[in-house]
Structure formats: structure tokens, C-alpha cells
Amino acid sequence: SCDATQLCNCSSMGLDFIPPGLTAKITVLILAHNRIKHIRSQDLQQAVNLRALLLQSNKISSIDMDSFHSLRKLELLDLSNNSLAHLSPVWFGHLVSLQHLHLQGNSYRDLGESSPFSSLRNLSSLHLGNPWFSRIRQGNFEGIAVLDKLWIDGGNLSQYEPGSLKSIKKVNHMIINIKSINVFSAIVRDLLHSVTWLEVRDIAFSIPAEVQLLRVMSSSFAKKISFKQTLLTDATVPEIVSILEDMPKLVEVEMTDCRLLGTGRWEVQIQANQSQTLRVLTIEKLSIEEFYLFTDLQVVEGLLSLLTKVTVENTKVFLVPCSLSKHLQSLEYLDLSANLLGDQSLEHSACQGGWPSLQTLNLSQNSLSDLEMTGKSLSHLRNLTLLDISQNNFGEMPDVCEWPKNLKYLNLSSTQIPKVTTCIPPTLEVLDISANTLREFGLQLPFLKELYLAKNQLKTLPGAAPIPNLVAMSVRRNKLNSFSREEFESFKKMKLLDASDNNFICSCEFLSFIHHQAGIAQVLVGWPDKYICDSPLAVRGAQVGAVHLSLMECHRSLVVVLICALVFLVILVLVVVGYKYHAVWYLRMTWAWLQAKRKPKRAPPKDICYDAFVSYSENDSDWVENIMVRELEQACPPFRLCLHKRDFVPGKWIVDNIIDSIERSHKTLFVLSEHFVQSEWCKYELDFSHFRLFDENNDAAILVLLEPIQSKTIPKRFCKLRKIMNTKTYLEWPLDEEQQAMFWFNLKIALKS
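Residue numbering for the sequence shown follows our numbering, starting at 1053 and increasing by one per position.
Quick look at the structure:
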């Protein structure tokens, strides 16, 4: 289970214990998702160079005191999602190099009377807590001075002794999952000056009186506050905004997967001084059930003028009030992707005087449909250089559009555009028009440096002359099959061309031409790495060398056609040969033989019902039914004959009828004639007799020649039947009436034998 780097992956192997034989060579040991219950002293004794030990998702409930004593180089220990009911400081006493410790998802209720982590001087990240974790005591974190990340999963944490976390002087990222406002307030009080980024999860701010307990946060030195899976209401939002605005060093506020119960009609006016430090606001997937009733946010307009970066993504925004846009005087970056903005609402949101400093605008995945109107609505944004309007449904592109005069980057990918026109602004340096239905591209874009045309239907490259400054171009996943000299004569500045996943007819000559004539430094054609040419190009990022392409590699279509034709000819030859040498008959006989072999060699005496089964041609039925049957069945004693017309079971498969009739008869009587040889069903009856009678080497077959017939007339495939006719006596029907009495006498003797 170990690779060359001595990483040993034994996860999900159903292990009940740590496997023996671990050596000092192992650096990473993964034992996750097994059934280990106990870690013994000797289990890890020899793994002295272990850097990472992953034991998550087992059933570990006990650990010997000295189990980890030899792991002085261990940097990562994951014991999460096990059954540890307590934590012992002795376990971690010798882990002097440990940096990451994961203890969440166990069953301990507290951390003990003292600190389990006092000897972990190099600890960088600590994750602890579980659904039963309910108490934190003073001294539980003694020995920890600095942490990069502290994650406390305390959904049911109800007891927190003040000062328990004060020993930690600095925490870069604190994640706390907690439901009790009182406990949360006490923890924040201890970490006012030590946490840089505070992330709050799964907490409900629904009662104004409880939110007052968080007023202590206004003195926090945190630079970033994140709320995830948090509940807010119209009654508590004003107090929270006021607290955040008062935080002296707060730069960024983030809300992800939160819920707001209300419509923005806040009962208490927000009384706060505008933050002089807050610059970034991110709201993602904010759920507002009655979003269509939301107000215009006039009460917070005065607090937003210093924001430089705002993201409101996937939050069902259908309008940004014009007055709010005008207050965003310092805004440089605005992301409104995955919302409900339409053409009319965008015109109102980007009104004159709104977003005066905006440089980057993301409107992807909205409800825009009029490209001309979209450009016109944004044309007054003189500082806008980057615009992303991808994944909208524009369709046909007009001939003339109005755009911001300094626009450099435009993303029109996945917008259902069938053809590009001069609507595209000539000032662009980067254009992404991927994943549309373009068949050609011929715009005059003198400043363009990067062009992305992937996932279209291009059959030829864009002309080089209209885009002389192009440095990089992607035409992957189109319908290109070759490059010509004319297509590359003007690409003097091209450094990267991605043409992978096309329909190239592989030719090293044209790639060499690209390099030597056009000066391109790197070309991605998407062939396998072995299909490379004698030029310093790159194929899928690999420096190329010499290669000889095979016929299959260079003429794949021709080879496929030849293979199909060859297969057809082989099938045709097999059919002709099979017909000539009776292959169908042999297949039929194989199936009949398998059917017959299922049954016993001979039927029990009690199952014998007939003296003889009569096999004859329908053309001979007059003689059989009117002469032979009358003579034999009216004899004294009478013979019992089985005839297919009279005695076959209706509805039963005819093959089964034949086999059963032969098996239930003492003899099989063949009435041979020219008609018999030509009869298909007579052949079947001969076939089954061939298997069931002649293979048993007995005399159960009686041959009656109704008319003279040569043995060679019988099909050659019935070799044993032909042999019997050549070596044994058979009865021949005489035309002379005087001799017929002797014929009947001999036939009756044969039937009785």
C-alpha cells in the first residue's frame, strides 16, 4: 500500500487494528475509514519518521498512554470522527513537531481539568468539538500562544469559564459553530484583540435583547467577519450593522448561506457612524423568502460610500436602486452574478452618476437579453475596463453598440451568439466569446492581445491581419482540421495557440511551418504526447522531439473505411462457405443434439406407447395412410403406429414432438423416396434418428424403399444412414401384387423383433 514517497494508503480496507510491520521509512500513513478500536503501545513504535497520521472515521475509543511517544517528527494527526470519550495530555506529550491536530466528531464532553495541548509548542491549527461537547474550563488551552486556525464545533456548548481562551495571544482564523449567544459573547470577549478573522456559523440572531450582548464586538480588532448558515431578522439587523460599523479595524464582512426573515423595513433606524476601514462586502446565497417585497435600503446608503469591492451573488437581486448606486462612490469591483437582473432593471441600476469609480463589473448568469441595451446602460462608466456578461441569453448581435470608452476585457461566453458583428468594441485587449455557435470570426480589433473562441464551430482560424497584436488564442473544441500558410503569415506576435480537441489531420509538416514561419513559441494541438514533431513546439505542454507517424495515426478515416470493408468481405466469405458446406445444418444439428442429450438414452418400458414411429414425406401420404397403416393396424395382433398428422401433440414445439415420438416408439420406420429426400421435415426426423438411434448402435431403424433410390441420393452428411443402406438389408416395396404379401410378412417380422 506504499508508494515511492513512502505514503502508505490503507484506508477503507476493513482493518480492525493498525497493521504490524510499520518501519522507519514510512512518512505518511492513512488508516481512515476502517474499524480500528484501540491504538496499542507497539503499533507505531517503529514509525519514527512519520510526518502525517490519518486515523479519522474509525471506532477508536482507547489509546495507550505511550502510543505516540516515538512520533517526534509527526506534523499532522487526525483523530476526528471516532469514539474518544476523553482526551489525555499524555498522548500528545512527545509530539513536539505537531502542527495540525483534528479532534472533532468524537464523544468527549469537555477537555479535562487541564490543558491536553500544553506540550504542543508548534501547533498551528486545532479543530475540536462534537455534538456532546458542552464545557470549556480555564486552563484548557494553556501552552498555546499562537494559532493559524482554531475551529470549535460547539453546537451544544453551554458552559464557558471566562478567560479560558485568553492564553492564546493570536489567532489568524477563528471558526466557531455555536448556538448560545451568551457563550458566544463570552468567547468573543476573551478574543477581542487576538483574532484577525472571525467566522461565525450556525447561530441565530433573532432576538434584539440577545444581540445587545454582542456589543462587546465593537471593540474587537478583527479585520474580517464571516457569517455562515446564520439567521437574521429585521429586528436584529440594525444592531448588528451598528456593531460592525464601530469595529475599529474591520475591513471585510462576508455572509454565506444565510437567511434573512424580513423585507428591509427595519423597525429601528440604524444609528452608526460610517466605518472608515470597511472596504469589502460579500453576500453569497442570501435567502430572503419575500425578496420581491424588499425595500430600497435607503437607511444604509450613507454607510456604503467607502466600499471598494461588493459581491452580491446568487441572492435573487432584480434591481439596485439608483440612489444606492450613486452612494457607491468608491466602488471599484461589483459582482452581481447569478441574480435576476434584466435589461430594464440594469438600466435603472446603472443610472447616470451611479458607480462612478467602477472598474470591474460581473453580470454573468442574469436575465439580460438585449446586448445593445446592455452596452448603452453601461456606456457612461468611464473607468470600467472589465465586463463579464457571460451566460446570459443575447442571441443575435446588433451591428452597432455603445460601450464604455475604456473597456479592455469583455466576456460574452455562453450567450447564444451565432455571429459576431462590429458591435464588439474596438478598444478590447481581451475577448472571450467561447461556447457559442460561431462559424467564423473576422473582426477588426487592432488592440486585441487575447482571443478565446473555444467550443464554437469554426472550421478555419480567424484572419491574422485584423488582429495584428494577438499574443494568445484559444480555438480548442472547434472543427479545425488543418492550418494553411495564409492563416499564419501575419501572426507575428503570437506566443500561445491552443487548438486542442479539433479534427486535425495529423501532419508534422504544418506544425513545423507554424513555428518557423510564424514565430509561434507554443502550440497546443491536443494530440497524445507521442505525436510530436521535429520543432521546439509544445504538445499538451511537453517539449517536442522527433517522431514518425504511422498510417493509422495520420489517415484514421481511411483506415476505418478499409477495416469496415475487410470485415464485410470476411462475413460474406463466411456466409458463402457456410452455405456450401451446410454450416446452417450443423448449427441446427448441434442445437438438436443438445436438446436430445438432455433426455435419457432410452425411455422406461412403461413410457413406450408405439410399435413404430413412421417418418414419411407428405407426397407419400396416400400410400402410408391408406395402404400401410390399414395393413399394419388391422393385423392380428394389430401394430400401434405413430403418425405426425394424427399423434403429434397440438401446440407443442415440432422438434420436441419428433424427439418424444422417436423415444416412445420401439422402432422408427422410414419410408424412403425421392420426395422423402427433398422434404425438410423428413430431414429433421432423419437427423434426430441419426443422434438417438444410430449413435446407440442398435437395429431400431427400419428402412422401406417405396421406390428405387440410390444411397448416394441421401445427403452425404447422414454418413451412418448411408453406411446402413450399404451394409444392411432394407425392405423394398414391390409393384407386383404377388410379392406384396411377402413384403408385409417381412415388415411385420421386423417390427416384432
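We treat Cβ as the ideally placed atom computed from N, Cα and C, and that holds for glycine. Every value quoted in this text rests on a predicted model; they were computed, and no experiment measured them.
Exercise for the section: Kindly give me the distance between the Cβ atoms of leucine 1462 and leucine 1483, rounded to whole angstroms, as I take these residues to be in contact under 8 Å. Expected result: At roughly 6 Å, the Cβ-Cβ gap stays under 8 Å, so leucine 1462 and leucine 1483 are in contact.
Problem - the stretch 1199-1215 contacting the stretch 1180-1188, beta-carbon criterion three pairs below 8 Å - result: By the C-beta criterion, the stretch 1199-1215 is judged to be in contact with the stretch 1180-1188, since at least 3 inter-stretch pairs fall below 8 Å.
Practice task
Per DSSP, which residues does valine 1666 bridge with? Please list them.
Solution key: In DSSP, valine 1666 forms a bridge with Leu1721.
Problem - 4 or more residues per run - each alpha helix (DSSP H) lying fully within the stretch 1246-1278 - result: Listed in chain order, the complete alpha helix (DSSP H) runs (minimum 4 residues) inside the stretch 1246-1278 are 1260-1263.
Exercise for the section: Identify whether isoleucine 1696 lies in helix, strand or coil by the three-state DSSP scheme. Expected result: At residue 1696 the sequence reads histidine, which differs from the isoleucine that was named. Look at histidine 1696 here: in three-state DSSP terms it is helix.
Exercise for the section: Measure the alpha-carbon distance for glycine 1195 versus serine 1176 and round it to whole angstroms. Expected result: Looking at the two C-alpha atoms, the distance is approximately 12 Å.
Problem - Simplified DSSP assignment, three categories, for histidine 1138 - result: If DSSP states are grouped into helix, strand and coil, histidine 1138 belongs with coil.
Handout entry: Check whether serine 1023 and lysine 1125 have beta carbons under 8 Å apart
Key = This structure leaves residue 1023 out entirely; the chain is present only between 1053 and 1805.
Exercise for the section: Consult DSSP for tyrosine 1633 and reduce its assignment to one of helix, strand or coil. Expected result: DSSP places tyrosine 1633 in coil when its eight states are reduced to three.
Problem - Proximal residues to arginine 1317 (C-beta, below 8 Å), its chain only, five neighbours per side dropped - result: So the list reads Asp1286, Thr1347, once near-sequence residues are dropped.
Practice task
Measure the Cβ-Cβ separation of leucine 1244 and valine 1223 and say whether it is below 8 Å.
Solution key: Not closer than 8 Å, so no.
Exercise for the section: Determine the closest residue to asparagine 1158 out of Ser1389, Leu1136, Leu1803, Leu1312, with distance taken between C-alpha atoms. Expected result: Relative to the Cα of asparagine 1158, the nearest Cα in the group Ser1389, Leu1136, Leu1803, Leu1312 belongs to Leu1136.
Practice task
Go to methionine 1425, then tell me how far its alpha helix (DSSP H) extends in each direction, as first and last residue.
Solution key: Its alpha helix (DSSP H) spans residues 1423-1430.
Practice task
Quick one: using the 10 Å Cβ neighbour count with 16 as the cut-off for buried, is phenylalanine 1279 buried or exposed?
Solution key: Taking every protein chain shown into account, the CB of phenylalanine 1279 has 16 or more other CB atoms within 10 angstroms, so this residue is buried.
Exercise for the section: Starting from tryptophan 1796, follow the alpha helix (DSSP H) in both directions and report where the run begins and ends. Expected result: Membership of tryptophan 1796 in the alpha helix (DSSP H) is indicated by the continuous run 1789-1804.
Exercise for the section: Let me know the secondary structure DSSP gives arginine 1092 once reduced to three states. Expected result: Correct three-state label for arginine 1092: coil.
Practice task
Output the boundary residues of the alpha helix (DSSP H) element that contains lysine 1378.
Solution key: Unbroken alpha helix (DSSP H) run through lysine 1378: 1374-1379.
Practice task
Flag this pair as yes or no: are the beta carbons of leucine 1410 and leucine 1383 separated by less than 8 Å?
Solution key: Cβ distance < 8 Å, so leucine 1410 and leucine 1383 count as in contact.
Exercise for the section: Could you tell me the distance, in whole angstroms, from the CA atom of phenylalanine 1343 to the CA atom of glutamine 1108? Expected result: If you take the alpha carbons of phenylalanine 1343 and glutamine 1108, they lie about 42 Å apart.
Practice task
Determine the contact status of lysine 1460 and leucine 1438, defining contact as a CB-CB distance below 8 Å.
Solution key: Between lysine 1460 and leucine 1438, the gap from beta carbon to beta carbon is short of 8 Å.
Handout entry: Selection from Glu1336, Arg1331, Leu1358, Leu1376 that minimises the alpha carbon distance to histidine 1349
Key = Just to set this straight, residue 1349 is leucine in the shown sequence, not histidine. Its Cα nearest to that of leucine 1349, the residue Leu1376 stands out among Glu1336, Arg1331, Leu1358, Leu1376.
Problem - Cβ contact (3+ pairs, closer than 8 Å) linking the stretch 1753-1763 and the stretch 1693-1701 - result: When C-beta atoms of the stretch 1753-1763 are compared with those of the stretch 1693-1701, fewer than three pairs fall below 8 Å, so the two segments do not count as touching.
Practice task
Starting from the Cα of asparagine 1234, find the closest Cα among Lys1632, Lys1428, Asn1061, Ala1261 and give me that residue.
Solution key: Nearest of Lys1632, Lys1428, Asn1061, Ala1261 to asparagine 1234, Cα basis: Ala1261.
Practice task
Note down, one range per segment and in chain order, each beta strand (DSSP E) of at least 3 residues found wholly within the stretch 1284-1323.
Solution key: Listed in chain order, they are 1304-1308, 1311-1313.
Exercise for the section: Assign valine 1240 to buried or exposed, taking buried as 16 or more other Cβ atoms, counted over all protein chains shown, within 10 Å of its Cβ. Expected result: So valine 1240 ends up on the buried side.
Problem - Delimiting residues of the alpha helix (DSSP H) encompassing valine 1482 - result: Careful: valine 1482 lies outside any alpha helix (DSSP H), inside the beta strand (DSSP E) at 1482-1484.
Exercise for the section: Just grab the DSSP bridge partners of threonine 1334 for me. Expected result: For threonine 1334, which the question treats as bridged, DSSP gives the partners Glu1306, Thr1363.
Practice task
Let me know the secondary structure DSSP gives glycine 1206 once reduced to three states.
Solution key: It is a strand residue.
Exercise for the section: Buried or exposed for arginine 1267, please, with buried defined as at least 16 other CB atoms from any protein chain shown within 10 angstroms of its CB. Expected result: Counting the other Cβ atoms within 10 Å of the Cβ of arginine 1267 gives fewer than 16, which makes it exposed.
Problem - leucine 1693 to serine 1805 span [Cα, whole Å] - result: Taking the straight line joining both Cα atoms gives about 15 Å.
Exercise for the section: Pull up the DSSP beta-bridge partners for serine 1114, would you. Expected result: Note: serine 1114 sits in a beta bridge opposite His1090.
Exercise for the section: Taking serine 1166 and glycine 1191 to be in contact with their CB atoms under 8 Å, please state how far apart those CB atoms are, rounded to whole angstroms. Expected result: About 6 Å; that satisfies the 8 Å criterion.
Handout entry: Cα-Cα separation, glutamine 1264 to histidine 1379
Key = Distance between the alpha carbons of glutamine 1264 and histidine 1379: 29 Å.
Exercise for the section: Check arginine 1592 in the structure and name its three-state DSSP category. Expected result: Confidence at arginine 1592 is low in this model, with a pLDDT of 38, below 50, so the placement of that residue should be treated as unreliable; the coordinate-derived value is given next. Residue state, collapsed to three classes: coil.
Exercise for the section: List the whole-angstrom C-beta distance separating tyrosine 1212 from isoleucine 1188, where the pair is believed to meet the contact cut-off of C-beta under 8 Å. Expected result: Contact check for tyrosine 1212 and isoleucine 1188: beta-carbon distance about 5 Å, within the 8 Å limit, so the pair qualifies.
Problem - Whole-angstrom distance between threonine 1360 and valine 1332, CA atom to CA atom - result: Straight-line Cα distance between these residues: approximately 6 Å.
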